[in-house]
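Listed in order, the protein sequences are those of chains G and U. Residues 8 to 555 in the numbering used here are what the first sequence lists, from first letter to last. Residues 41 to 102 in the numbering used here are what the second sequence lists, from first letter to last. Ideal placement from N, C-alpha and C gives every residue a C-beta, glycine not left out. Below you'll find the structure, written out as structure tokens, and then a few comments.
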Amino acid sequence: MFDDRYTLAYKLYPYEKSADQDLDAPVRHPVVVVGGGPVGVATALDLGQQGIPVLVLDDHEGVGMGSRAICFSKRCLEVADRYGCGTPMVEKGVTWNLGKVFHRDHKVFEFNLLPEDGHKYPAFINLQQPYFESFMIERLRALQAEGAPIQLRGKNRVDAIEVKDDHVVLTVMTPDGPYTVEADWLVASDGASSPLRDKLGLGFTGKVFRDSFLIADIRMKGDVDFPTERWFWFEPSHGEGASMLLHRQPDNVWRVDFQIGWDVDRKEELKEENIRRRLDAFLQGVEYDMVWSSIYTFQCKRMERFRHGRVFFAGDAAHQVSPFGARGANSGMQDVDNLGWKLGLVIQGKAPEALLDSYSDERVHGADENILNSTRSTDFITPKSEISKIFRDAVLALSDTHDFARPFVNSGRLSVPCYYDGLPLNGADDLPGGPARARPGAPCPDVPLGDGFLIDRLGARKGATFQILAIDAEVPERVSAQGLDLEVVKVSAADAPLVGERYLGAASSAVYLIRPDQHVAARWEAWDEQAVAQALGRAIGLDMGKEL
Amino acid sequence: MGHLNTSRNVARADDVYQMLIDAHEGKTKDESDAFNARLILTLMNHIGDEAVIAEALAVAEG
Ligand SMILES: Cc1cc2nc3c(=O)[nH]c(=O)nc-3n(C[C@H](O)[C@H](O)[C@H](O)COP(=O)(O)OP(=O)(O)OC[C@H]3O[C@@H](n4cnc5c(N)ncnc54)[C@H](O)[C@@H]3O)c2cc1C
């Protein structure tokens with residue numbers, strides 16, 4: 008009655024009977040998270056660090072086998088950093104910046120992802136998803152040991168949901184039978200095929216792509232000198248498939264991804280001898296062990312809204328993209344980053360409930376950007392019509408000899424942070440000459456500061472605190488507004504030269520209002536108490552739903 | 041943002057037209073299609089301006 012749907016890599020939260028199960032009346036929790044994938048666990052870290060009680064229910068007892076995600080972006084790592092687990096990820100991960108694109112046998116061009124210095128985190132690391140998830144669960148255990156109110160229950164499968172005006176009722180199945188749990192707020196992070204989305208009858212619309220991809224994660228034996236780069240082939244003449252991707256992971260493991268078409272016999276293709284036939288054609292004599300293989304197809308879809316009263320959808324449950332661009336887990340982490348502080352403030356009575364609608368506004372915007380980019384990449388990699396194939400091939404042919412054509416080559420536009428441009432929480436942009444990259448809605452650009460980085464000092468690590476970042480500007484030592492205490496961070500461009508370039512631009516001083524998720528809420532040239540209070544009010548949703 | 045020049049702009053129209061036709065001489069249909077695509081991309085890059093390209097697309101739409 009309780010079979011696993013997938014094999015575990017690590018059994019990290021074995022089933023234990025909880026006290027809730029023996030009580031007659033259901034226990035009410037402030038927040039219940041359904042799904043203990045990367046997004047669900049990150050939600051627990053965010054809320055747990057704020058001291059908000061959170062219960063995570065997952066239908067398995069640990070982290071799934073098989074890597075799925077391997078590329079984690081700078082922004083994702085910055086979010087993980089705030090949750091206290093960014094460093095081990097980078098230490099274990101393989102850092103890479105260089106990508107090469109080939110057409111048939113020859114290199115068309117190469118690109119460098121982060122030609123800029125002065126960031127704590129690299130543009131991308133490659134790390135097997137089970138490691139990524141395990142580091143977060145280790146951190147969760149550490150927080151629990153410090154007394155953070157987090158619970159994680161394995162083999163707790165949500166089988167039914169009932170949404171009331173001011174709470175949600177869940178029926179949870181366990182090896183000891185079912186029990187009922189109530190939640191003031193529910194976060195549904197139950198993955199792409201989200202049972203909760205279905206049970207609530209909510210739509211998930213977009214495109215399904217008629218193609219399939221065979222992934223093989225292999226461990227090379229002996230000395231192999233494939234460099235730590237992303238290699239992408241269009242129409243490789245070695246190996247087989249319409250496109251192919253080679254990418255390094257930790258532990259001497261490499262991911263090879265073959266595009267094999269729609270009408271394939273999956274069972275047949277997944278036989279080791281058939282996978283080896285494809286690999287051998289390309290690896291020619293190199294010896295390797297098979298670590299994991301899988302065939303995947305994908306879709307680019309999203310829900311219309313990510314908030315439905317007391318229920319929030321996050322991660323793959325809310326939106327799904329093709330893997331080209333590594334936008335799945337990376338955007339899921341940004342969902343959590345966005346939702347955590349808002350939910351924290353509302354639960355503590357410090358912000359109006361309307362603030363929670365901005366989660367949907369901002370993350371739908373993020374999802375649309377990801378869907379647009381990943382759809383375009385997919386269309387380039389798998390042209391839909393004869394004419395689009397003609398143009399695609401023309402781009403590749405020209406790129407070989409002409410630099411101007413290379414920007415058209417699209418083998419995946421890799422995940423970049425989301426700017427919440429033009430959305431309701433953004434306040435004043437009153438910094439004449441201020442750099443566009445730090446405009447309201449932008450995630451704070453990193454710069455080296457002293458022995459560390461600015462990013463170490465920005466954003467909330469405990470409560471959902473807003474901050475004033477004062478750069479060569481006079482500001483009060485203590486700032487309170489709208490019932491919130493703000494933290495003041497003072498920096499001088501004299502100590503940190505890149506602060507000038509990334510935060511001041513042509514201005515000589517600046518005051519930034521920073522949200523708990525490290526996004527810029529508003530900015531000015533000098534301190535103005537009233538303006539700050541107004542922008543803070545806007546950023547915590549006091550203007551939401553009003554005519555603007 | 042510029043505008044698409046839709047007034048007469050090619051001095052020796054017959055000669056330029058002939059250059060285009062000659063370029064396709066001896067090509068199969070597939071080769072000609074590929075050639076045209078490369079040509080469009082090259083000209084598009086020369087124009088650069090998104091608004092002008094959009095206007096040109098509208099003209100081609102007829
Ligand atoms: C081949 C491939 C490559 C990818 N590469 C990348 C990449 O390089 N970078 C990147 O960022 N992303 C990548 N992704 C996407 C990434 O894997 C997903 O976006 C990510 O796992 C989503 O996390 P999640 O927590 O939302 O959902 P999931 O990881 O799917 O977790 C959902 C959890 O909910 C549980 N659950 C489901 N139903 C219930 C229920 N009724 N009750 C309790 N629990 C339930 C599940 O068991 C699971 O643990 C890739 C995906 C694939 C397939």
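To which residues of the same chain is residue i closer than 6 Å at the C-beta, ignoring the five residues directly before and after it?
i: residue 63/G; result: 40, 43, 47, 51, 159
i: residue 104/G; result: 119, 120, 121, 130
i: residue 557/G; result: The requested residue 557/G does not occur in the structure, where chain G is confined to residues 8 to 555.
i: residue 124/G; result: none
i: residue 111/G; result: 242, 244
i: residue 60/G; result: 37, 156
i: residue 21/G; result: 68, 161
i: residue 552/G; result: 361
i: residue 199/G; result: 323, 327
i: residue 268/G; result: none
i: residue 337/G; result: 80, 83, 422
i: residue 374/G; result: 309, 326
i: residue 252/G; result: 239, 264
i: residue 549/G; result: none
Less than 8 Å between the CB atoms is what I'm expecting for residue i and residue j, so what's the real figure, rounded?
i: residue 533/G; j: residue 520/G; result: With a Cβ gap of about 13 Å, residue 533/G and residue 520/G do not count as contacting.
i: residue 248/G; j: residue 265/G; result: 4 Å
i: residue 547/G; j: residue 474/G; result: That pair is no contact at about 14 Å.
i: residue 332/G; j: residue 419/G; result: 5 Å
i: residue 431/G; j: residue 479/G; result: Contact doesn't hold; Cβ gap of about 30 Å is too wide.
i: residue 221/G; j: residue 276/G; result: 6 Å
i: residue 444/G; j: residue 522/G; result: 16 Å between Cβ atoms; not a contact.
i: residue 109/G; j: residue 261/G; result: 16 Å between Cβ atoms; not a contact.
i: residue 545/G; j: residue 341/G; result: Wrong, their Cβ atoms sit about 21 Å apart, outside the cutoff.
i: residue 9/G; j: residue 413/G; result: Actually they are not in contact, since the Cβ atoms of residue 9/G and residue 413/G sit about 53 Å apart, beyond 8 Å.
i: residue 164/G; j: residue 29/G; result: About 19 Å separates the two Cβ atoms, so there is no contact after all.
i: residue 384/G; j: residue 216/G; result: Actually they are not in contact, since the Cβ atoms of residue 384/G and residue 216/G sit about 11 Å apart, beyond 8 Å.
i: residue 465/G; j: residue 525/G; result: 5 Å
i: residue 104/U; j: residue 398/G; result: Outside the displayed range of chain U (41 to 102) lies residue 104/U, so it cannot be described from this structure.
Quick one: residues in its chain with C-beta nearer than 8 Å to the C-beta of residue i, no 5 flanking neighbours on either side, listed in chain order?
i: residue 296/G; result: 225, 226, 228
i: residue 542/G; result: 434, 435, 520, 528, 529
i: residue 400/G; result: none
i: residue 468/G; result: 56, 89, 91
i: residue 12/G; result: 66, 67
Output needed for residue i: all residues of its chain with C-beta closer than 7 Å, excluding positions within five of it in sequence on either side, in chain order.
i: residue 504/G; result: none
i: residue 339/G; result: 45, 46, 321, 322, 323
i: residue 426/G; result: 448, 449
i: residue 540/G; result: 488, 489
i: residue 471/G; result: 57, 348, 351, 352, 523
i: residue 91/G; result: 146
i: residue 516/G; result: 478, 479, 480, 532, 533
i: residue 236/G; result: 103, 105, 106, 107
i: residue 93/U; result: 84, 87
At least one CB of chain C closer than 8 Å to the CB of residue i: is that the case?
i: residue 415/G; result: Given the protein chain composition of this structure (G and U), no chain C is represented.
Checklist entry - Is it true that the stretch 87-107 of chain G meets the stretch 130-145 of chain G, where meeting means three or more beta-carbon pairs spaced less than 8 Å apart? => result The answer is yes - the stretch 130-145 of chain G touches the stretch 87-107 of chain G, with three or more Cβ pairs under 8 Å.
Item to check | Members of the stretch 64-82 of chain U near chain G, C-beta cut-off 9 Å | outcome: Cβ contacts with chain G come from 70, 73, 74, 75, 76, 77, 78, 79, 80, 81, 82.
Checklist entry - Closer than 8 Å, Cβ to any Cβ of chain U: which residues of the stretch 209-222 of chain G, in chain order? => result In summary, no residue of the stretch 209-222 of chain G has a CB separated from any CB of chain U by less than 8 Å.
Next on the checklist: Beta carbons nearer than 7 Å to chain U: which residues of the stretch 390-410 of chain G have them?
Outcome noted: Answer in chain order: 397, 398, 400, 401, 402, 404, 405.
Item to check | Contacting positions in the stretch 418-440 of chain G - beta carbon closer than 9 Å to chain U | outcome: Of all residues in the stretch 418-440 of chain G, none places a beta-carbon less than 9 Å from a beta-carbon of chain U.
Checklist entry - Using 8 Å as the threshold, is the stretch 356-368 of chain G in touch with the stretch 68-84 of chain G, meaning 3 or more CB pairs across them? => result With the cut-off at 8 Å, the stretch 356-368 of chain G and the stretch 68-84 of chain G do not touch.
Item to check | Three or more C-beta pairs below 8 Å linking the stretch 137-148 of chain G and the stretch 80-93 of chain G | outcome: Contact between the stretch 137-148 of chain G and the stretch 80-93 of chain G is present, because at least three Cβ pairs lie under 8 Å.
Checklist entry - Hey, is the stretch 377-393 of chain G in contact with the stretch 341-360 of chain G, meaning 3+ C-beta pairs nearer than 8 Å? => result Taking 8 Å as the limit for Cβ pairs, the verdict is that the stretch 341-360 of chain G does not touch the stretch 377-393 of chain G.
Next on the checklist: Under 8 Å, with one C-beta from each stretch per pair, do the stretch 298-309 of chain G and the stretch 165-185 of chain G reach the 3-pair mark?
Outcome noted: Cβ pair count under 8 Å is below three, so no.
Next on the checklist: If contact is defined by three or more beta carbon pairs under 8 Å, each pair taking one atom from either stretch, is the stretch 390-402 of chain G in contact with the stretch 483-498 of chain G?
Outcome noted: Contact fails between the stretch 483-498 of chain G and the stretch 390-402 of chain G, because fewer than three Cβ pairs, one in each stretch, are under 8 Å apart.
Checklist entry - Are the stretch 161-175 of chain G and the stretch 203-223 of chain G touching by the rule of at least three beta carbon pairs closer than 8 Å? => result As far as the Cβ criterion goes, the stretch 161-175 of chain G touches the stretch 203-223 of chain G, which means the pair count is three or higher.
Item to check | Stretch pair the stretch 17-35 of chain G + the stretch 181-188 of chain G: three plus CB contacts closer than 8 Å | outcome: Judged by Cβ distances under 8 Å, the stretch 17-35 of chain G makes contact with the stretch 181-188 of chain G, as three or more pairs qualify.
Item to check | Any 3 or more C-beta pairs closer than 8 Å across the stretch 311-319 of chain G and the stretch 191-199 of chain G | outcome: Contact between the stretch 311-319 of chain G and the stretch 191-199 of chain G is present, with at least three C-beta pairs closer than 8 Å.
Checklist entry - Got a sec: which bits of the stretch 83-97 of chain U sit with their beta carbon under 7 Å from any beta carbon on chain G, in order along the chain? => result When C-beta distances to chain G are compared with 7 Å, the residues of the stretch 83-97 of chain U below that value are 85, in chain order.
Checklist entry - Can you list, in chain order, the residues of the stretch 230-264 of chain G whose Cβ is nearer than 8 Å to any Cβ on chain U? => result Residues passing the 8 Å Cβ filter: none.
Checklist entry - Going along the chain, which residues of the stretch 277-306 of chain G sit with their C-beta nearer than 8 Å to a C-beta in chain U? => result Flagged: no residues at all.
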